[in-house]
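Chemist: Position 16 of the sequence shown, counted from 1, bears residue number 16 in UniProt numbering, the numbering being contiguous throughout.
Note that CB positions come from ideal geometry on N, CA and C, so glycine has one too.
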Amino acid sequence: MDSQKYTQLLEQFGKRFKQVRKEKGKTQLDIEVATGINNGDISRIENGKTNIEFITIAKLAEVLDVEMVELFHFETSISKKEKGSVQVNRTAKKKE
1 MDSQKYTQLL EQFGKRFKQV RKEKGKTQLD IEVATGINNG DISRIENGKT
51 NIEFITIAKL AEVLDVEMVE LFHFETSISK KEKGSVQVNR TAKKKE
């Protein structure tokens with residue numbers, strides 16, 4: 001994947017996080033207070049302007065009371081060829 005695709009994924013994640021945050025009736029300030037993540041960083045996450053760590057994703061999911069996977073429920077622009085490759089790799093790992 002090229003860097004533009006990664007950037008798009010970060011943007012899609014940010015949009016999804018913002019959507020879930022609003023659905024849960026939380027403000028950015030609520031998230032900051034509950035997680036200790038700076039309000040500016042939360043804004044950058046929502047706008048796809050920063051790469052975030054796994055632990056940060058876990059904290060965000062916890063404060064929103066959702067499973068982490070819920071934050072990844074968005075369409076990606078990965079091609080069918082790339083999806084097939086991922087599927088093949090998953091199948092190979094299951095057989096081991």
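(1) Tell me whether the stretch 13 to 32 and the stretch 55 to 66 touch, counting them as touching only if at least three CB pairs, one residue from each stretch, are closer than 8 Å.
(2) According to the Cβ coordinates, are I37 and F17 closer than 8 Å?
(3) Quick one: give me the first and last residue of the alpha helix (DSSP H) that T50 is part of.
(4) Kindly list the residues whose CB is nearer than 7 Å to the CB of L10, restricted to its own chain and excluding five residues on each side of it in sequence; keep chain order.
(5) CB F74 to CB Q4, shorter than 8 Å?
Modeler: Let's see:
(1) yes
(2) Residue mapping note: residue 37 aligns to position 37 of the sequence shown, counting from 1. Residue mapping note: residue 17 aligns to position 17 of the sequence shown, counting from 1. In this structure, F17 does not lie closer than 8 Å to I37 by Cβ.
(3) As a working mapping, residue 50 is identified with position 50 in the sequence shown. Premise fails: T50 is in no alpha helix (DSSP H) and is neither H nor E.
(4) Locating residue 10 in the sequence shown gives position 10, counting from the first residue. Counting only Cβ-Cβ distances below 7 Å, and skipping sequence neighbours, we find G48, N51.
(5) Translated into positions along the sequence shown, residue 74 becomes position 74. Translated into positions along the sequence shown, residue 4 becomes position 4. Not in contact: F74 and Q4 (Cβ atoms no closer than 8 Å).
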